[in-house]
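Asks:
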Amino acid sequence: MKTIVVLGGGYAGLRAARQIASAKTHQRIILINKNTYHYEATQLHQVAAGTLEPSDITFDIKSVAPKGVEVIIDEVQRIDRDQHQVLLSQQEPVSYDYLVNALGFESETFGIEGAQENSLPLVDINTAVAARQHLEQTLARYQTSKDEQDLSIVVCGAGFTSIEYLGELVYRMPKLAKQYKFPLEKVKISCIEAADSILPMFERGLADWATNYLRKKGVEFHTSTPITSIRPGQVVSNDQVFSGHTVIWTTGVRGSEVISASGYPAKRNRVVVQEDLTVEGHPEEFLIGDVSAVPDPQSGRLYPTTAQISIAQANCAAANIAARLAGQPSQKFTFKSVGTVCSLGPFSGVAQIEIMGQMKLKGLAVGVVKQFTNYRTVLELADCKAMLASR
1 MKTIVVLGGG
11 YAGLRAARQI
21 ASAKTHQRII
31 LINKNTYHYE
41 ATQLHQVAAG
51 TLEPSDITFD
61 IKSVAPKGVE
71 VIIDEVQRID
81 RDQHQVLLSQ
91 QEPVSYDYLV
101 NALGFESETF
111 GIEGAQENSL
121 PLVDINTAVA
131 ARQHLEQTLA
141 RYQTSKDEQD
151 LSIVVCGAGF
161 TSIEYLGELV
171 YRMPKLAKQY
181 KFPLEKVKIS
191 CIEAADSILP
201 MFERGLADWA
211 TNYLRKKGVE
221 FHTSTPITSI
231 RPGQVVSNDQ
241 VFSGHTVIWT
251 TGVRGSEVIS
261 ASGYPAKRNR
271 VVVQEDLTVE
281 GHPEEFLIGD
291 VSAVPDPQSG
301 RLYPTTAQIS
311 IAQANCAAAN
321 IAARLAGQPS
331 QKFTFKSVGT
341 VCSLGPFSGV
351 AQIEIMGQMK
361 LKGLAVGVVK
371 QFTNYRTVLE
381 LADCKAMLAS
391 R
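full-length UniProt numbering applies: residue 1 is where the sequence shown begins, and numbers increase by one.
1. Is it the case that the region 96 to 108 contacts the region 9 to 29, given that we only count it when at least three CB pairs across the two stretches are under 8 Å?
2. Going by beta-carbon coordinates alone, are F333 and Q352 separated by less than 8 Å?
3. Under the three-state reduction of DSSP, which class applies to L7: helix, strand or coil?
4. Please identify the residue among L344, A318, P329, S343 whose C-alpha is closest to the C-alpha of K24.
5. Using the three-state DSSP reduction, which class does F59 fall into: helix, strand or coil?
6. Measure the C-alpha to C-alpha separation of K186 and R270 and round it to an integer number of angstroms.
7. Please name the residue, chosen from D276, A115, M173, that lies closest to C156 on a Cα-to-Cα basis.
8. Starting from the C-beta of E280, find all residues in its chain whose C-beta is less than 7 Å away, skip the five residues before and the five after it, and write them out in chain order.
9. Are T51 and Y171 touching if we call contact CB-CB under 8 Å?
10. How far does the alpha helix (DSSP H) with S310 in it extend, from its first residue to its last?
11. Would you kindly report the start and end of the unbroken alpha helix (DSSP H) that includes G167?
12. Less than 6 Å between C-beta atoms, sequence neighbours within five positions excluded: which residues of the same chain meet that for S390?
13. With DSSP as the reference, label L379 as helix, strand or coil.
14. With DSSP as the reference, label A386 as helix, strand or coil.
15. Could you give the C-beta distance for S190 and H222, rounded to a whole number, given that I count them as a contact under 8 Å?
16. In the DSSP assignment, find the unbroken beta strand (DSSP E) run with H222 in it and report its ends.
17. Less than 8 Å separating the beta-carbons of Q331 and C316?
18. Mark D82 as exposed unless 16 or more other C-beta atoms lie within 10 angstroms of its C-beta, in which case mark it buried.
19. Could you pull out every residue in the same chain whose Cβ sits closer than 6 Å to the Cβ of E354, ignoring the five residues on either side in sequence?
20. Measure the Cβ-Cβ separation of Q27 and L361 and say whether it is below 8 Å.
21. Within 10 angstroms of the Cβ of S145, are there 16 or more other Cβ atoms? Answer buried if so, exposed if not.
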């Protein structure tokens with residue numbers, strides 16, 4: 001009997017474990033995750049803004065793990081690739097015959113001075129809750145401080161997470177103003193971005209609509225403005241300073257630090273994988289999700305790391321392990337996006353849907369599409385009845 005170890009209980013890891021189990025290869029399957037729960041990473045911005053609670057986007061991993069999958073709750077320290085062992089923080093090393101590495105992402109500071117110390121990232125449940133608590137405490141403080149910097153929020157980066165967070169923030173701000181008794185008209189929200197535009201993954205008309213929507217809600221965009229340092233309460237771009245007592249860091253992510261600790265050849269802790277998602281020289285290792293870098297055969301550029309592509313990678317890796325066990329050749333990973341949806345609060349957004357041609361949506365209809373997308377992702381990962389019972 002072979003041992004198949006899956007690292008990480010995120011979109012990629014949980015889906016891979018489920019698919020390997022469903023193939024009924026009758027091997028030992030172990031899923032290792034540092035938390036007892038899976039969280040919907042695409043909804044962290046809602047927890048950070050306070051429109052959802054952590055319990056709304058989490059479910060217990062053990063309760064939804066497929067029959068026959070052992071679950072170990074521990075933190076991976078590194079992988080001994082020569083000895084085929086996963087070294088853990090609290091328990092004895094776990095040996096494997098096949099490894100599916102889906103350890104996910106961490107915040108990327110790009111070496112910018114003060115970014116780690118003086119800003120709030122959104123990369124997991126704990127950081128999202130910390131950002132929400134800081135925001136609400138700072139806004140509430142204005143009633144006694146009368147310091148307008150308490151009402152000033154600076155969001156670093158204008159990527160997907162940034163824009164969705166801004167959408168939730170402007171939606172909730174009137175309720176926060178009423179709750180904490182601060183003047184809504186004095187709130188200042190700034191978004192600082194090094195690129196010359198936002199949401200490049202959308203066609204220009206939709207990206208402009210999203211920008212204008214947020215501008216009308218009070219967001220000030222500063223594009224072509226690279227961040228050079230962050231001081232306490234200040235975001236610096238060369239000779240420009242943007243002040244605010246809440247600084248949110250959403251400029252980008254990198255793969256898990258376990259990648260560098262384990263000696264993988266990588267850039268930003270993402271490893272370029274082969275066509276079947278294995279690592280060169282290690283056919284027993286599959287890297288999927290945020291720790292992998294997969295070139296698009298048509299453009300040559302790397303695919304973006306999204307839940308959609310992570311689930312597709314998990315399906316491919318699971319199928320290839322089953323093929324190997326059966327003495328059959330593995331298949332190449334292929335991917336066709338079904339579209340992109342960006343929410344701007346619970347009841348608005350923009351979307352490009354790639355089904356039977358391209359549909360372009362904006363406004364209220366996107367809220368419904370986004371909810372359907374989130375629900376569909378959950379169905380891809382776990383048994384719905386078990387998931388609901390775990391909440």
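We put the beta carbon where it would ideally sit given N, CA and C, even for glycine.
Replies: Concretely, from the data shown:
1. Touching, per the Cβ criterion.
2. No, they are not a contact pair.
3. In the structure shown, L7 sits in a strand (DSSP, three-state: E or B).
4. Residue A318 is the option with its Cα nearest to K24.
5. Of the three classes helix, strand and coil, the one that applies to F59 here is strand, per DSSP.
6. If I take the Cα positions, the gap works out to 42 Å.
7. For C156, the nearest C-alpha among the options comes from A115.
8. Correct list, in chain order: Q274.
9. Inclusion of T51 and Y171 in the CB contact set at 8 Å is warranted, their separation being smaller than that value.
10. S310 -> alpha helix (DSSP H) spans 307 to 325.
11. First-last of the alpha helix (DSSP H) with G167: 160 to 180.
12. Per-residue confidence for S390 stands at a pLDDT of 46, beneath the threshold of 50, marking its modelled position as unreliable; the derived number appears in the next sentence. Taken in chain order, the residues that qualify are F59, D60, S63.
13. Residue placement at L379 is poorly supported in this model, since its pLDDT is 48, which falls under 50; the coordinates are not used for a value here.
14. Residue placement at A386 is flagged as unreliable, the pLDDT there being 44, under the threshold of 50; the coordinate-derived value follows with that caveat. In the structure shown, A386 sits in a helix (DSSP, three-state: H, G or I).
15. A Cβ-Cβ distance of about 6 Å is found for the pair S190 and H222, placing them in contact under the 8 Å criterion.
16. DSSP places H222 in the uninterrupted beta strand (DSSP E) bounded by 219 to 222.
17. With contacts defined by Cβ atoms closer than 8 Å, Q331 and C316 form a contacting pair.
18. Looking at its Cβ environment, which holds fewer than 16 other Cβ atoms inside 10 Å, D82 is exposed.
19. The residues are S337, V338, G339.
20. No; because the gap between Cβ atoms is not below 8 Å, this pair is not in contact.
21. Exposed, because fewer than 16 other Cβ atoms sit within 10 Å of the Cβ of S145.
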